[in-house]
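S.K.: Have a look at the structure that comes next, please.
Numbering (this note's numbering), first residue to last: 456 to 970.
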């Protein structure tokens with residue numbers, strides 16, 4: 456047994472990157488306190504969309520039928536109207552921004568501490584708008600308790616076998632049908648929920664998404680909402696972990712409009728996806744707390760230096776402007792509730808690697824380059840074999856001591872367009888091992904918020920994985936320990952060569968760091 460493998464196996468797990476994280480002090484009782492089964496009872500119950508249609512009879516439940524009708528009505532309104540489809544879509548992001556755009560447009564915070572609370576308010580006001588359209592514009596007073604369904608893609612049938620629950624991981628059937636079906640199963644006119652199967656609609660057709668791309672188990676294991684403010688380096692926390700997986704991965708695999716931030720909210724399934732992301736957060740809150748001292752900023756991030764200072768702004772069902780201000784987590788407890796907080800909310804196995812916020816800089820952190828060249832990803836697996844070592848006086852073998860951690864970092868991760876697939880990262884030279892439930896699996900490279908000209912201009916994103924436990928678990932035939940392990944990047948099982956080639960996904964460099 457060589458030095459570095461022996462050192463890793465001797466590690467105690469008391470780690471510099473994650474040990475000693477302080478508890479987040481609660482300034483006051485949270486609106487949604489830890490340990491609560493639900494935020495509060497509400498007349499507005501968000502239901503699993505899988506229970507709102509019957510594939511045998513063709514019938515859609517009223518909740519889904521009237522959602523489709525409302526979407527159709529909203530699509531017929533001028534985009535300047537706050538209750539129009541495009542006004543709500545463009546609040547998240549707009550394909551082509553203009554100086555004359557309303558102040559509410561193009562404000563979605565991704566990769567940001569406000570990602571989850573902003574989307575909670577955004578989806579909440581959208582839900583109120585749709586409910587108002589159904590009741591007032593379409594005249595359905597009996598639907599006054601309407602609530603947005605959620606897409607329960609991580610559902611597992613009894614026994615926990617993902618292969619038996621593939622139907623939940625498909626685009627819900629009513630979003631794949633060209634015509635509306637009423638509650639009796641009768642076909643009506645064109646279906647506003649439908650999008651064509653192409654890169655301008657949805658890349659995902661009738662296929663189920665892989666379970667590793669929808670499972671929230673990794674995020675649900677996180678103890679903290681965000682890296683505590685007194686920590687420079689550490690685990691990314693629940694919000695960023697959930698944003699990466701399954702949030703980004705579902706966007707990427709669904710593809711088409713959903714595959715890029717400026718177009719994502721134009722797909723009617725977007726709203727069901729984000730209702731489910733919010734449900735994961737609600738489930739996490741039954742056991743954890745949030746940092747209650749956070750306040751909404753006076754000004755949100757700008758797209759250009761000469762943009763005006765604007766707060767986060769939304770519109771409600773009356774067209775009134777709502778400014779997000781004051782305590783970030785002060786959300787009304789009775790706004791809605793979920794049909795279930797346990798079904799499909801993360802009970803699976805998790806990989807041994809985990810996301811961290813970065814690595815310490817300086818001479819005390821030896822870095823070993825995997826590649827310094829821009830690496831383009833395709834529809835075929837890619838293996839990056841160990842090359843020259845750049846860890847100063849150390850080799851990879853001698854640099855890793857007992858108690859050290861090894862971090863694999865990808866920098867400059869971006870694409871020209873949505874590639875319609877995520878990429879799985881593995882360690883070790885066994886190219887036959889592509890099982891995301893196996894010991895060689897590290898995590899995913901996803902291309903969602905890092906797509907398009909802006910991502911290229913900013914240099915793309917950086918992803919850092921603590922792979923210490925992964926290296927410990929690798930069999931010797933996959934990695935001898937004498938040198939850096941091979942890094943393998945494998946496209947997802949639904950990858951389509953033409954879409955991947957047109958998107959040009961890539962990263963600028965990759966390296967191991969010993970800390």
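Glycine included, each C-beta is placed from N, C-alpha and C at the ideal position.
1. Alpha helix (DSSP H) containing residue 584: first to last residue?
2. Do the stretch 917 to 927 and the stretch 859 to 877 make contact, defined as three or more Cβ pairs closer than 8 Å?
3. Looking at the strands, I want to know which residues DSSP matches up with residue 793.
4. What are the uninterrupted segments assigned as beta strand (DSSP E) that are 3 or more residues long and contained completely in the stretch 897 to 946, given in chain order?
5. Between which residues of its own chain and residue 520 is the CB-CB distance below 8 Å, once the five residues before and five after are set aside?
6. Residue 647 and residue 669 - do their beta-carbons sit closer together than 8 Å?
7. Is residue 909 buried or exposed, if buried means 16 or more other CB atoms sit within 10 Å of its CB?
8. Rounded to whole angstroms, what is the Cα-Cα separation between residue 694 and residue 743?
9. DSSP state of residue 552, grouped into three classes?
10. Can you give me the start and stop residues for the alpha helix (DSSP H) that residue 853 sits inside?
11. What are the boundary residues of the alpha helix (DSSP H) that includes residue 688?
12. In three-state terms, what does DSSP make of residue 713?
13. Alpha carbons only, please: which of 581, 552, 555, 569 is nearest the one belonging to residue 522?
14. Have a look at the DSSP bridge pairing and note the partners of residue 784.
15. Leaving out five residues on either side along the sequence, give the residues of the same chain with a beta carbon under 8 Å from the beta carbon of residue 890.
16. Report buried or exposed for residue 763, applying the criterion of at least 16 other Cβ atoms within 10 angstroms of its Cβ.
17. Using the Cβ count rule (16 or more neighbours within 10 Å means buried), how would you classify residue 665?
18. How should residue 775 be labelled, buried or exposed, when 16 other C-beta atoms within 10 angstroms of its C-beta is the threshold for buried?
19. Tell me which residues share the same chain as residue 876 and place their Cβ nearer than 7 Å to its Cβ, disregarding the 5 neighbours each side in the sequence.
20. Should the stretch 800 to 815 be called in touch with the stretch 563 to 571, which here means at least 3 C-beta pairs below 8 Å?
21. Roughly how many whole angstroms lie between the Cα atoms of residue 881 and residue 934?
22. Output the distance between the C-alpha atoms of residue 965 and residue 869, rounded to the nearest integer angstrom.
23. By DSSP, does residue 489 sit in helix, in strand, or in coil?
24. What three-state label does DSSP hand residue 601 in the structure shown?
25. Count the C-beta pairs between the stretch 791 to 799 and the stretch 674 to 687 that are closer than 8 Å, then say yes if the count reaches three, no if not.
26. In this structure, what does DSSP give as the bridge partners for residue 837?
27. When we look at the beta-carbon of residue 575 and count the other beta-carbons within 10 Å, is it buried (16 or more) or exposed?
28. Is the stretch 588 to 608 touching the stretch 752 to 768, taking contact as three or more C-beta pairs under 8 Å?
29. Tell me, please, whether the CB atom of residue 903 is closer than 8 Å to any CB atom in chain B?
30. Give every residue of the same chain whose Cβ lies closer than 6 Å to the Cβ of residue 589, excluding the five residues on either side of it in the sequence, and list them in chain order.
31. Quick one: what's got a C-beta closer than 7 Å to residue 550's C-beta in the same chain, skipping five residues either side?
32. Going by other Cβ atoms of all chains shown within 10 Å of its Cβ, with 16 needed for buried, is residue 633 buried or exposed?
M.R.: Result, derived from the coordinates:
1. Numbered from its first residue, the chain shown carries residue 584 at position 129. Where residue 584 is concerned, the enclosing alpha helix (DSSP H) stretches over 570 to 587.
2. yes
3. Start at 1 with the first residue of the chain shown, and residue 793 comes out as number 338. According to DSSP, residue 793 bridges with 501.
4. 916 to 921, 942 to 946
5. The sequence position of residue 520 within the chain shown is 65, counting from 1. Same-chain partners within the cutoff: 635, 636, 637, 638.
6. Residue mapping note: residue 669 aligns to position 214 of the chain shown, counting from 1. Residue mapping note: residue 647 aligns to position 192 of the chain shown, counting from 1. No, the pair does not count as a contact, with Cβ atoms beyond the cut-off.
7. Counting from 1 along the chain shown, the entry for residue 909 is found at position 454. Under this definition residue 909 is an exposed residue.
8. Residue mapping note: residue 694 aligns to position 239 of the chain shown, counting from 1. Residue mapping note: residue 743 aligns to position 288 of the chain shown, counting from 1. Cα to Cα, residue 694 sits roughly 12 Å from residue 743.
9. What you label residue 552 is simply residue 97 of the chain shown in a count that begins at 1. Three-state result, residue 552: coil.
10. The sequence position of residue 853 within the chain shown is 398, counting from 1. Residues 851 to 854.
11. One-based indexing of the chain shown puts residue 688 at position 233. Premise fails: residue 688 is in no alpha helix (DSSP H) and is neither H nor E.
12. Taking the first residue of the chain shown as position 1, residue 713 is located at position 258. Helix, per DSSP.
13. One-based indexing of the chain shown puts residue 522 at position 67. It is 581 whose Cα lies nearest to the Cα of residue 522.
14. What you label residue 784 is simply residue 329 of the chain shown in a count that begins at 1. Beta-bridge pairing links residue 784 to no other residue.
15. Locating residue 890 in the chain shown gives position 435, where the first residue counts as 1. Excluding residues within five positions, the ones whose Cβ falls inside 8 Å are 896.
16. For this step, residue 763 is matched to residue 308 along the chain shown. Result: exposed.
17. In the chain shown, counting from the first residue as 1, residue 665 sits at position 210. The residue in question, residue 665, is buried, as its Cβ has 16 or more Cβ neighbours within 10 Å.
18. Counting from 1 along the chain shown, the entry for residue 775 is found at position 320. Classification of residue 775: exposed, given that the 10 Å Cβ count is below 16.
19. In the chain shown, counting from the first residue as 1, residue 876 sits at position 421. For residue 876, where only same-chain residues beyond five positions count, the Cβ hits under 7 Å are 707, 708, 946, 947, 949, 950, 955.
20. no
21. Within the chain shown, the letter at position 426 stands for residue 881. Within the chain shown, the letter at position 479 stands for residue 934. For residue 881 and residue 934, the distance between alpha carbons rounds to 12 Å.
22. Here residue 965 corresponds to residue number 510 of the chain shown, with the count starting at 1. Here residue 869 corresponds to residue number 414 of the chain shown, with the count starting at 1. One C-alpha to the other measures close to 13 Å.
23. Indexing the chain shown from 1 puts residue 489 at position 34. Confidence at residue 489 is low in this model, with a pLDDT of 38, below 50, so the placement of that residue should be treated as unreliable; the coordinate-derived value is given next. If DSSP states are grouped into helix, strand and coil, residue 489 belongs with coil.
24. Translated into positions along the chain shown, residue 601 becomes position 146. Three-state DSSP puts residue 601 in coil, outside helix and strand.
25. no
26. Against the chain shown, residue 837 aligns to sequence position 382. According to DSSP, which records beta bridges pairwise, residue 837 is partnered with 944.
27. Taking the first residue of the chain shown as position 1, residue 575 is located at position 120. With 16 or more Cβ atoms within 10 Å of its Cβ, residue 575 is classed as buried.
28. no
29. This model lacks chain B altogether, as it is built from one protein chain only.
30. The residue given as residue 589 occupies position 134 in the chain shown. If we look at residue 589 and ignore the five residues flanking it on each side, its Cβ neighbours are 521, 525, 595, 598, 601.
31. In the chain shown, the residue the question calls residue 550 occupies position 95. Correct list, in chain order: 717, 718.
32. Along the chain shown, read from residue 1 onward, the residue named residue 633 stands at position 178. The residue in question, residue 633, is exposed, as its Cβ has fewer than 16 Cβ neighbours within 10 Å.
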